[in-house]
Structure formats: C-alpha cells, structure tokens
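Taking it in order: structure first as structure tokens, then the write-up.
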Amino acid sequence: GWFTQKARILRSTRTKYHCDDCLTDHLTDRSGDETESWIAKAEAVFTENEYNFDNTIYVDSLTKVEFLCNRCEKKRTKWPATMLNTKKGCPPCDREKGNKKRLEIRKKEVLEELLNTFSGYTFELSKFTTVNKNITYICDQGHSRKGTPTNLLGGSGCRECGIKKASKARQTKKRLWVKK
Numbered sequence: 001g002w003f004t005q006k007a008r009i010l011r012s013t014r015t016k017y018h019c020d021d022c023l024t025d026h027l028t029d030r031s032g033d034e035t036e037s038w039i040a041k042a043e044a045v046f047t048e049n050e051y052n053f054d055n056t057i058y059v060d061s062l063t064k065v066e067f068l069c070n071r072c073e074k075k076r077t078k079w080p081a082t083m084l085n086t087k088k089g090c091p092p093c094d095r096e097k098g099n100k101k102r103l104e105i106r107k108k109e110v111l112e113e114l115l116n117t118f119s120g121y122t123f124e125l126s127k128f129t130t131v132n133k134n135i136t137y138i139c140d141q142g143h144s145r146k147g148t149p150t151n152l153l154g155g156s157g158c159r160e161c162g163i164k165k166a167s168k169a170r171q172t173k174k175r176l177w178v179k180k
C-alpha cells in the first residue's frame, strides 16, 4: 500500500522495511526463533540468574532488548551485542558488584600484609569486615588495642610499644648530642 516516510529514513541502511506494516509483519514472523536463540546466549553469559528474560523480544542487533534485573527488580534496556560482549546488564547493580569484588580483593591483600608484617600479633579476625573498621589486636608485648588495619600498617604497630621505641630513640640522640 501507499505510505509516507521521510527521505532520510528511506535512504537508511538500517532497515529494508520502510513501511510500518511490512516491518511489523517481518518482526512477528521471525522474532520467535531469534529471540529464543538470543535468550539462550544471554543465559549462557549470565549464569547467576541475574536477569529475567521472560518478556524479552530480540528483533535485531540494532534494536535494544528489554529485560528485568532480578537484583534491583527494575526493567532495563540495552543493546543486545553490548550486553553479551561486555557481560554487563544493569549498570547500578554491575557497579555495586564490581565494588564488592574490589573490596574483597583489597581486604584479602591487607589481611595478608597484616599477618606478614606483624607476625607476633594476635588479631580478632572475626570482626575484620573492611580495611577502615576497627579491629582488636594484641601486640607481642601483650598490649591490647583497637585500630583500623590501614592505620596499623601505616604506623609502627602497637601505640605503647611505638611510644617506647620513639622515646628510646630520642634518648639515644640526646646522649649522642651531649657527648659531642
């Protein structure tokens, strides 16, 4: 039938179906098999059941797909190829997931560094949740203290032992100064 369309759209290489009726017929004819195929690929990439693809319709790579994020329970849309290639769907949830992973890696690195640097110390590791929260530790001289792992690693260890070491160093410098 007759239809009106802007010249820009008719010249477009994005679609060969310029008539809305033809495009609708084309989409309903082919959407079933290709949608199932795309959903199978997406479920293979997102194995943790992060997204619900029940109402997803895959048209082509130039049309965004709609899906439901199971974590934040919001509908999201994304380019199909981008979603599969980057293995990312819901931006806020992906950021949160990435931050948690980075924090776990940092926590593990700090814990190993604490145990290596202060081998004579005893740490209450059950309360070690993040690197900036206080934990209780007992130094090799028996002093019990609270402090953050990052502060402990940034300093010289136990505060009382550190004060004693610093005062001994000052007294030694003072004696050397007086002798000259």
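Under my numbering, the first residue of the sequence shown is numbered 1, with each subsequent residue one higher. Note that the Cβ used here is the ideal one computed from N, Cα and C, for glycine as well.
**Study point:** Which listed residue (Lys127, Cys158, Trp38, Arg159) has its alpha carbon closest to that of Trp79
**Key:** The residue you call residue 79 lines up with position 79 of the sequence shown. Residue Trp38 is the option with its Cα nearest to Trp79.
Practice item. Would you mind stating whether Leu84 and Ala42 have Cβ atoms separated by less than 9 Å? Key: Locating residue 84 in the sequence shown gives position 84, where the first residue counts as 1. Locating residue 42 in the sequence shown gives position 42, where the first residue counts as 1. Yes, the pair counts as a contact, with Cβ atoms nearer than the cut-off.
Exercise for review: Quick one: using the 10 Å Cβ neighbour count with 16 as the cut-off for buried, is Pro149 buried or exposed?
Suggested key: Stepping through the sequence shown from its first residue, residue 149 is reached at position 149. Burial call: buried.
Review point. Residues in its own chain within less than 8 Å of Glu50 by CB, not counting five upstream and five downstream?
Key: The residue you call residue 50 lines up with position 50 of the sequence shown. Contacts found: Cys69, Asn70, Arg71, Gly89, Cys90, Cys93.
**Study point:** Neighbour-count burial assignment, Ile135, 16 or more Cβ in a 10 Å radius
**Key:** In the sequence shown, counting from the first residue as 1, residue 135 sits at position 135. Buried: at least 16 other Cβ atoms inside 10 Å.
Exercise for review: Starting from Gly147, follow the beta strand (DSSP E) in both directions and report where the run begins and ends.
Suggested key: As a first step, residue 147 must be located in the sequence shown, where it is residue number 147. Taken as a continuous stretch (DSSP letters only), the beta strand (DSSP E) holding Gly147 covers 144–147.
Practice item. Indicate whether the contact test is met: 3 or more Cβ pairs, each with one atom in the stretch 53–63 and one in the stretch 105–116, closer than 8 Å. Key: no
Review point. How many angstroms separate the CA atom of Gly142 from the CA atom of Lys74?
Key: Counting from one through the sequence shown, the residue named residue 142 turns up at place 142. Counting from one through the sequence shown, the residue named residue 74 turns up at place 74. Whole-angstrom Cα-Cα distance: 53 Å.
Point to revise | Opposing strand residues paired with Cys69 [DSSP bridges] | key: Numbered from its first residue, the sequence shown carries residue 69 at position 69. Bridge partners of Cys69: Tyr51.
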